[in-house]
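Report on one structure; see the data block that follows.
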Amino acid sequence: MSDLGDSTRSTHAGLPDAAQGEPFLPGPTFQAANHWSGDGAPDGYGRTGNPTWARYEAALGELEGGEAVVLSSGMAAVAAVLLPLLGPGDVLVAPSDAYPGVRVIATDHLAKRGVEVRLVPSDDAAIRAALPGATLAWIETPSNPGMACLDIAALATAAHDAGALLAVDGTVATPLRQRALELGADFAMASASKYLTGHADLVLGYVAARDPARAQAMRAWRGLTGAIPGPFEVWLAHRSLPTLAVRLERQEASARALVELLEAHPAAGDVRWPGFGAVLVFTLADAEDADRLLGSLKLVAEATSFGGVHSTAERRARWGTDDIHEGFIRLSVGIEDTADLLADMGDGLDAVNIAR
Ligand SMILES: Cc1ncc(COP(=O)(O)O)c(C=O)c1O
5 MSDLGDSTRS
15 THAGLPDAAQ
25 GEPFLPGPTF
35 QAANHWSGDG
45 APDGYGRTGN
55 PTWARYEAAL
65 GELEGGEAVV
75 LSSGMAAVAA
85 VLLPLLGPGD
95 VLVAPSDAYP
105 GVRVIATDHL
115 AKRGVEVRLV
125 PSDDAAIRAA
135 LPGATLAWIE
145 TPSNPGMACL
155 DIAALATAAH
165 DAGALLAVDG
175 TVATPLRQRA
185 LELGADFAMA
195 SASKYLTGHA
205 DLVLGYVAAR
215 DPARAQAMRA
225 WRGLTGAIPG
235 PFEVWLAHRS
245 LPTLAVRLER
255 QEASARALVE
265 LLEAHPAAGD
275 VRWPGFGAVL
285 VFTLADAEDA
295 DRLLGSLKLV
305 AEATSFGGVH
315 STAERRARWG
325 TDDIHEGFIR
335 LSVGIEDTAD
345 LLADMGDGLD
355 AVNIAR
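Counting the sequence shown from 1 gives a position; the working numbering is that position plus 4.
Set out below in C-alpha cells:
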C-alpha cells in the first residue's frame, strides 16, 4: 500500500478482505470474556485483546510503517514507552518545551526511581549535545506549542550512535505528513485525540514500533496496567480515518491563508506554522489583546486541543505549564470554509487594533 496516495491509504487501512454480505469495517466487538477453551488465552479476556483494536492497530501500522499498539489516551501511550523501558541508572533525554505530560512523568516519577532526566529545548543541537550516555531520547516534532521542527533522521542516527533509542511524538504532524519510523526512529507515538479521530469527541493514543518485540512489550504493559481503550471508541476512530486526508487538505489550505492574513496584520506577530497541519501559533501584545481576540471570534471556539473539524484557539499561557508569552495564541484550523475563517479572523484582529 505504500506506493498509493494518502487518501487511498487512509481510506483502506486496516480493513478486512472483502467478504460477501460483510461490512467494510466490522462493528465494534464488546467483550469482557469470550468463549475460549484449551490452554493459554491471550485474547480470551477483554483487557488483553480485542478484534476491534487489532483492526485499528493494523490500520495505524500500515500508515506509520511499523507495528502499532492502541491505548486509552496519548498519555497512556507515552507511559507505555517510558515506564517499562527506563529504570535506575538509565538516562532519558526529553523536551523542556513540548507537551508537559512527558516532562511531568520524567521529573515526578522516573527521576524518583533513579532515572537521570535531561530536559532540553526542542532544538537539534541541544538534543544532540544531551545524547552521550542516554538510554532513550524522546522528541516531539513539530513541538507543541512552539512549532519547532526537528531533523528526525539526523537525530535517529545520532541517538543510535550514542547507544540510545529514539521516540518521536508526532501528534502535530499525523502519519500522513511524517513517518518517524521510516526516518529511523524506534517509536512513533501520537495522541489520536487530535487529527486522527478529528471530531473533538474521543481520547485515544497509540505507539508504533519498528521492532515488533517492542510493540509486544507495550501490549503486555497495556494488558497489565489496563490502559485499554473502549471498543466503541476505537471503532469510531477507525471510522474517522478515511476522512483524515481530506480534512487535512482543507485545514492546510485555510491555515496557509490565515498565516498570510496574520503575517500582514499589525496586531499579530511571531506567526509560526510548520507548512503542514492545522495548528499555527502567533502572539498578540499581551493577555488582554489575546482574550479580546478570542472573545470576538465567532467561528473559532475558545477551547484547548487541536486537529478537529471545528476551529479552536486558546491563549496557551492560561495553563501555566509552558514558558510562553502571555499573548501567545495556538489556533487549530477546522474545516469551515476558508473565506469565512478569513473574514472572522480579520474582523477579530481589527477589533483588537481598534481597542488599543
Ligand atoms: C503533542 C502531544 N502529545 C501528547 C498529548 C497527550 O495526549 P492525550 O491528551 O490524548 O492523552 C497531547 C495532548 O494534547 C499532545 O498535544
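Built from N, CA and C at the ideal position, the CB exists for glycine as well.
Return yes when the Cβ of residue j is within less than 8 Å of the Cβ of residue i, no when it is not.
{"i": "Phe-236", "j": "Ala-213", "result": "no"}
{"i": "Ala-58", "j": "Leu-64", "result": "no"}
{"i": "Asp-215", "j": "Met-193", "result": "no"}
{"i": "Glu-256", "j": "Phe-280", "result": "yes"}
{"i": "His-206", "j": "Leu-248", "result": "Here the sequence assigns Leu to residue 206, which means His is not the residue at that position. No, the Cβ-Cβ distance between Leu-206 and Leu-248 is not below 8 Å."}
{"i": "Ile-156", "j": "Thr-139", "result": "no"}
{"i": "Ala-98", "j": "Ala-231", "result": "no"}
{"i": "Leu-288", "j": "Ile-333", "result": "yes"}
{"i": "His-269", "j": "Leu-353", "result": "yes"}
{"i": "Gly-78", "j": "Thr-229", "result": "no"}
{"i": "Ala-81", "j": "Val-238", "result": "no"}
{"i": "Ile-109", "j": "Leu-86", "result": "yes"}
{"i": "Thr-52", "j": "Gly-227", "result": "yes"}
{"i": "Gly-311", "j": "Gly-150", "result": "no"}
{"i": "Ala-294", "j": "Arg-276", "result": "no"}
{"i": "Arg-282", "j": "Ala-259", "result": "Strictly speaking, residue 282 in this sequence is Ala, with Arg absent from that position. Yes, Cβ-Cβ distance for Ala-282 and Ala-259 is below 8 Å."}
{"i": "Ser-14", "j": "Pro-246", "result": "yes"}
{"i": "Leu-301", "j": "Asp-348", "result": "yes"}
{"i": "Asp-127", "j": "Ala-158", "result": "no"}
{"i": "Leu-96", "j": "Val-124", "result": "no"}
{"i": "Ala-271", "j": "Val-356", "result": "yes"}
{"i": "Ala-204", "j": "Ser-309", "result": "yes"}
{"i": "Leu-335", "j": "Ala-317", "result": "yes"}
{"i": "Ile-339", "j": "Arg-251", "result": "yes"}
Using CA atoms only, rank isn't needed, just tell me which of the options is closest to residue i.
{"i": "Val-337", "options": "Asp-94, Ala-321, Val-285, Arg-322", "result": "Val-285"}
{"i": "Asn-368", "options": "Arg-13, Gly-48, Thr-15, Gly-70", "result": "Given a span of 5 to 360 for the chain in the structure shown, any question on residue 368 remains unanswerable."}
{"i": "Thr-33", "options": "Ala-133, Tyr-60, Ala-355", "result": "Tyr-60"}
{"i": "Ala-343", "options": "Ala-141, Leu-185, Leu-262", "result": "Leu-262"}
{"i": "Leu-89", "options": "Ala-162, Gln-220, Thr-161", "result": "Gln-220"}
{"i": "Thr-325", "options": "Gly-331, Tyr-103, Ala-355", "result": "Tyr-103"}
{"i": "Ile-131", "options": "Arg-117, Thr-161, Val-108", "result": "Thr-161"}
{"i": "Ser-197", "options": "Gly-188, Ala-271, Leu-208, His-164", "result": "Leu-208"}
{"i": "Asp-94", "options": "Gly-70, Gly-150, Pro-125, Ala-141", "result": "Ala-141"}
{"i": "Asp-101", "options": "Lys-116, Leu-114, Gly-25, Arg-122", "result": "Arg-122"}
{"i": "His-346", "options": "Pro-125, Glu-267, Ala-291, Gly-167", "result": "Checking the sequence shown, residue 346 turns out to be Leu, not His. Nearest option by C-alpha distance: Glu-267."}
{"i": "Leu-67", "options": "Asp-10, Val-356, Glu-26", "result": "Asp-10"}
{"i": "Cys-153", "options": "Arg-181, Glu-186, Leu-135", "result": "Arg-181"}
{"i": "Leu-170", "options": "Pro-179, Arg-254, Leu-185, Asp-351", "result": "Leu-185"}
{"i": "Ala-17", "options": "Gly-69, Leu-135, Ser-41, Gln-24", "result": "Gly-69"}
{"i": "Gln-35", "options": "Thr-178, Thr-56, Asp-112, Ala-189", "result": "Thr-56"}
{"i": "Ala-321", "options": "Ser-315, Val-313, His-314, Glu-330", "result": "Glu-330"}
{"i": "Glu-253", "options": "Leu-240, Ser-300, Ser-309, Val-313", "result": "Val-313"}
{"i": "Gly-137", "options": "Ala-163, Ala-158, Gly-118, Trp-40", "result": "Ala-163"}
{"i": "Leu-19", "options": "Ala-62, Leu-8, Leu-96", "result": "Ala-62"}
{"i": "Ala-115", "options": "Asn-148, Leu-135, Pro-92", "result": "Pro-92"}
{"i": "Ala-177", "options": "Ala-168, Ala-204, Asn-148, Ala-166", "result": "Asn-148"}
{"i": "Ala-166", "options": "Ser-195, Ala-272, Ile-143, Leu-135", "result": "Leu-135"}
{"i": "Ser-244", "options": "Leu-29, Ser-309, Gly-50, Arg-223", "result": "Leu-29"}
{"i": "Gly-31", "options": "Met-222, Asp-21, Leu-240", "result": "Leu-240"}
{"i": "Trp-323", "options": "Ala-23, Gly-105, Gly-25", "result": "Gly-105"}
{"i": "Val-304", "options": "Leu-187, Gly-350, Asp-274, Gly-273", "result": "Gly-350"}
{"i": "Asn-54", "options": "Pro-278, Arg-223, Thr-111, Ile-143", "result": "Arg-223"}
{"i": "Ile-143", "options": "Arg-107, Leu-8, Thr-111", "result": "Arg-107"}
For residue i, list the residues DSSP reports as bridge partners.
{"i": "Leu-4", "result": "A question about residue 4 goes unanswered here, because the residues of the chain that appear run from 5 up to 360."}
{"i": "Trp-142", "result": "Ala-171"}
{"i": "Leu-335", "result": "Leu-284, Ala-317"}
{"i": "Ala-37", "result": "Tyr-49"}
Verify the contact flag: residue i, CB atom, against every heavy atom of ligand 2, threshold strictly below 7 Å.
{"i": "Asp-173", "result": "Summarising the ligand content, the structure contains ligand 1 and does not contain ligand 2."}
Secondary structure, beta strand (DSSP E): runs of 3+ residues fully inside the segment 169 to 223: 169 to 173, 191 to 195, 209 to 213
4-residue-minimum alpha helix (DSSP H) runs that sit fully inside the segment 42 to 117, ordered along the chain: 55 to 68, 78 to 89, 104 to 108
Uninterrupted alpha helix (DSSP H) stretches inside the segment 269 to 328 (no shorter than 4 residues): 291 to 300
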